[in-house]
Amino acid sequence: MSVRLRFAPSPTGALHIGSVRTILYNYLFARQRGGTLVLRIEDTDRERLVTGAIDSIYDGLHWLGISWDEGPREGGPHVPYVQSERLPLYQRHAAELVAKGAAYYCFCSKERLAELRKQQEARHELTRYDRHCRNIPAAEAAERAKTESHTVRLKVPDEGTLAIDDLVHGRIEWQANTIEDQVLLKSDGFPTYHLAVVVDDRVMGITHIMRGEEWIASVPKHLLIYRAFGWEVPPMAHVPDVQGPDGKKLSKRHGSTAVSEFKEQGYLPEALVNFLALIGWSPGTEEEVFSMDDLIRVWRIEKVQRGGAKWDKDRLDYFNGVWIRRLPEDELVRRLRAFVPPQWDDDLLRKVVPLIRERMKTLAEAKDQIAFLFTETPEYPPSLAVPKQQSAGTTVEALSRAASALRDARPFDARSVESALRGVADGWSVREFTHAVRVAVTGRTIGPPLFESIELLGRERTLQRIERAQSALRG
RNA sequence: GGCCCGGUCGCCUAGUGGACUAGGGCGCUUCCCUUUCAAGGAAGAGGUCAGGGGUUCGAAUCCCCUCCGGGCUACCA
0 MSVRLRFAPS PTGALHIGSV RTILYNYLFA RQRGGTLVLR IEDTDRERLV TGAIDSIYDG
60 LHWLGISWDE GPREGGPHVP YVQSERLPLY QRHAAELVAK GAAYYCFCSK ERLAELRKQQ
120 EARHELTRYD RHCRNIPAAE AAERAKTESH TVRLKVPDEG TLAIDDLVHG RIEWQANTIE
180 DQVLLKSDGF PTYHLAVVVD DRVMGITHIM RGEEWIASVP KHLLIYRAFG WEVPPMAHVP
240 DVQGPDGKKL SKRHGSTAVS EFKEQGYLPE ALVNFLALIG WSPGTEEEVF SMDDLIRVWR
300 IEKVQRGGAK WDKDRLDYFN GVWIRRLPED ELVRRLRAFV PPQWDDDLLR KVVPLIRERM
360 KTLAEAKDQI AFLFTETPEY PPSLAVPKQQ SAGTTVEALS RAASALRDAR PFDARSVESA
420 LRGVADGWSV REFTHAVRVA VTGRTIGPPL FESIELLGRE RTLQRIERAQ SALRG
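Numbered by numbering that gives the first Met the number 0, the letters in the first sequence go through residues 0 to 474 in order.
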C-alpha cells in the first residue's frame with residue numbers, strides 16, 4: 000500500500016525553519032516510497048491568523064524544492080485542504096462523540112475556568128478542568144446546547160493505560176488519570192487541534208503521522224479519540240525539536256527563523272536542505288554532503304535521533320560554501336544577479352565569478368568583494384595603502400613603478416600584469432608591493448586575486464586609480 | 001508542581017555488550033600552498049560517553065537512583 004503523509008503548518012506567521020525540518024522529513028519519507036504528500040493548513044485558531052502566511056509557506060517550500068501532491072491550491076480528492084473550510088466535518092464528528100458518550104457538552108464560562116485555575120494554583124493542586132459539566136444528564140445537556148454557548152469536551156476514562164510505539168522513541172505510555180478532559184470543539188464552533196488532526200488524518204487517509212516532539216504530550220488524547228471512533232491508530236513518529244544555542248526552541252531571539260530571511264541573506268536552498276537534514280538525522284556513515292535526491296535515497300526514519308538538536312550557524316555557513324562551490328558557474332552567476340545592482344554588467348559579472356566563488360559564504364557577500372570593478376571610485380583612507388614597514392613617500396614611489404610597468408604590459412592580462420609588477424617590486428617584498436597596489440586599485444586590503452582583478456579592470460581604470468592613490472598620499 | 005521526552009569533545013554527530021587507546025564534520029590552533037583573503041592539503045588541541053550505584057569475564061551501549069535540559073500542562077498550534 001502506498002504511503003500518504005501530510006505537512007500541516009499553521010498560518011500564524013512566516014514559514015519557520017524548524018517546521019521546515021519536520022516537513023522535509025515527511026517529504027523524504029513519502030518520496031522515497033513513492034507515496035503521496037498532502038499540504039493541509041491548520042488554521043483553527045482564528046486569533047493567531049496572519050495574512051500572507053500561506054503565501055510564505057508556498058514560497059518557502061517551493062524555493063527549497065519541496066513539493067507535494069494535494070493541497071489548498073493544487074486540489075485533490077479531499078478538498079478543501081484548509082481546516083477553517085471544513086467546520087461541518089468536525090462538528091459532525093464532535094456530535095458523534097457526544098452521542099457515543101465519549102465526549103460531553105461543557106457550559107462553563109471562561110471566567111469560571113479562570114477562577115478554577117486560580118484556586119487550584121493557590122492550593123498548589125494540578126490545574127485541570129474539574130469535570131463540572133461531565134455529569135449533566137445527556138438529554139438536559141443536549142437541550143441546553145441548543146441555546147447556550149458551549150464547548151465539547153473529551154470524556155477521559157478514570158483509569159487505563161494509553162501507549163504508542165513511536166517510530167523514533169519506541170514505546171511511550173501514559174496513565175489515563177493524568178489526562179484532562181480536553182476541549183475538542185470550541186464555543187465558536189471551531190475544533191481544537193486535537194479533534195481536527197485526528198479527524199482529518201483519518202478522513203484524508205494519512206498512513207504515517209510524523210511531526211515535532213512537542214506533540215508527544217497530546218498523543219494520549221488523540222488515542223482516546225481514535226478509540227471512541229473505532230479507528231485504527233496510524234504509526235507515529237515524533238522528531239526532535241530544533242533548538243537555539245541556549246537549548247530552547249529555536250525562535251526569533253536566536254536570529255533568523257523565517258525561510259525567506261535565509262533566502263534574502265544569500266543562502267542556497269541546497270545548503271539549507273543539506274544542513275537541515277543533518278539536524279536530527281545522520282546516515283551512519285561519514286558522508287555529509289547530500290543533495291535532495293541523495294537524501295531521498297539514503298534518509299531513513301530509523302536513523303532519526305531522539306535528542307533535540309541545536310541550530311549551528313557556523314555549520315550552515317560551511318554547507319553554504321560547499322554548495323556555492325558545487326554550483327555550475329552559469330548557475331552561480333544567475334543566482335548572484337539578485338544580490339547585485341541590476342545595472343552591473345553581466346559579462347563582467349560572469350568573468351569575476353570564478354575569482355570569488357570560493358571566497359563566499361553567502362551570495363550576499365559577493366557584492367562588496369567585487370564592487371570595485373563596477374563602481375568608479377572606491378573610497379578608502381589613503382594610509383590604508385601604506386604597508387607597515389613603509390611610508391607614504393616610499394609608497395608613492397612604489398606605485399609609480401607599478402604604474403609604469405603596467406603601462407607597458409602587453410597583452411594586458413593577468414600573466415603579464417603579474418610579471419610586470421613582480422619585476423618592479425625592487426626593495427619591497429612582493430607582499431608589501433601587492434598590498435599597496437591592491438588598495439590603490441580596489442580600495443580594500445583583501446579581495447579576489449590581484450592580477451586577475453587588474454586584468455578585468457583594464458589598463459586605463461587601473462592607472463587612473465593608482466594616480467589617484469598617489470595624489471591622495473601626497474596629501 | 002504533574003505528565004512526557006532527552007543528556008557522547010564548544011557545536012552537529014557515529015556508536016545498539018567485546019574491532020573504542022570513543023570515529024567523522026563544523027569551529028579553533030599550527031604548518032604547507034600563496035599576491036591578500038579564501039579554498040585546498042597536512043598535523044594538533046579538545047571527551048572522567050551528565051553523576052552514582054548495580055548486572056556482566058567485559059558497558060557509552062542493559063537495569064535502578066540522582067542531577068541537568070527541554071516539551072506539554074489553553075475554548076494555541
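All C-beta atoms, glycine included, are put in the ideal place defined by N, C-alpha and C.
Determine the direct distance from the alpha carbon of residue j to that of residue i, and round the result to whole angstroms.
i    : j    : result
P377 : E328 : 27 Å
D44  : Q242 : 25 Å
S180 : D42  : Looking at the sequence shown, residue 180 is not Ser but Asp. Straight-line Cα distance between these residues: approximately 22 Å.
P410 : L449 : 16 Å
W343 : F373 : 6 Å
E286 : A365 : 29 Å
S470 : A370 : 22 Å
R314 : K262 : 17 Å
P234 : G265 : 38 Å
K312 : T150 : 45 Å
E212 : E124 : 27 Å
V155 : N273 : 43 Å
K251 : V182 : 30 Å
E172 : H237 : 14 Å
G51  : V19  : 17 Å
E95  : H61  : 39 Å
I163 : I445 : 58 Å
V49  : I16  : 17 Å
K220 : L335 : 50 Å
D346 : G457 : 14 Å
A195 : G246 : 30 Å
L115 : L27  : 46 Å
M359 : F289 : 20 Å
V197 : K145 : 26 Å
Y317 : L326 : 15 Å
H434 : V339 : 26 Å
V321 : T361 : 10 Å
L222 : D165 : 13 Å
Among residues of its own chain, excluding the 5 on either side of residue i, which ones have a beta-carbon nearer than 8 Å to its beta-carbon?
i    : result
T461 : L405, V440 and I453
R130 : D180
R473 : A391 and V395
A113 : none
R324 : R356 and E357
M0   : T206
V202 : H77 and L88
L86  : G188, F189 and P190
Near residue i, what residues of its chain come up, given a Cβ to Cβ distance below 7 Å and the 5 sequence neighbours on each side ignored?
i    : result
T464 : Checking the sequence shown, residue 464 turns out to be Arg, not Thr. A439 and V440.
E147 : F106
R47  : T11
A401 : L420, V423, V436 and I465
Q90  : L184 and G188
L331 : I323, V352 and R356
G169 : none
G442 : F371, P377, E378 and Y379
P239 : E212, G279, Q304, R305, G306, G307 and A308
So if DSSP puts residue i in a beta bridge, which residue, or which two residues, is it bridged to?
i    : result
H15  : A257
L4   : L36
I208 : M235
K248 : Q242
K309 : Q242
V81  : I40
Quick one: residues in its chain with C-beta nearer than 6 Å to the C-beta of residue i, no 5 flanking neighbours on either side, listed in chain order?
i    : result
L14  : S55, I56, G59 and V258
V297 : P282
G75  : E69
L38  : F6, W67 and G70
S9   : E41
E451 : L354 and A413
Which whole-angstrom value is the C-beta distance of residue i and residue j, which I expect to be below 8 Å?
i    : j    : result
L455 : V351 : 6 Å
R152 : A102 : 6 Å
I215 : H193 : So it is not a contact: roughly 13 Å between Cβ atoms.
I65  : L23  : 6 Å
W310 : P381 : At roughly 43 Å, the Cβ-Cβ gap does not stay under 8 Å, so W310 and P381 are not in contact.
L63  : L271 : 6 Å
V429 : V303 : No, V429 and V303 are not in contact; Cβ-Cβ is about 53 Å, not under 8 Å.
Q82  : I295 : No, Q82 and I295 are not in contact; Cβ-Cβ is about 29 Å, not under 8 Å.
Would you mind listing the alpha helix (DSSP H) stretches within the stretch 99-164 that are 4+ residues and don't spill past its ends, in chain order?
109-121 and 137-144
At 4 residues or longer, and completely inside the stretch 41-74: list those alpha helix (DSSP H) runs for me, N to C.
52-63
I'd like the ranges of any alpha helix (DSSP H) spanning at least 4 consecutive residues and lying wholly in the stretch 164-204.
192-202
Identify every run of the alpha helix (DSSP H) within the stretch 261-307, keeping only runs that are complete inside it and at least 4 residues long; order them along the chain.
268-276 and 291-297
Along the chain, which unbroken stretches of the alpha helix (DSSP H) at least 4 residues long are found entirely within the stretch 314-358?
328-335 and 345-355
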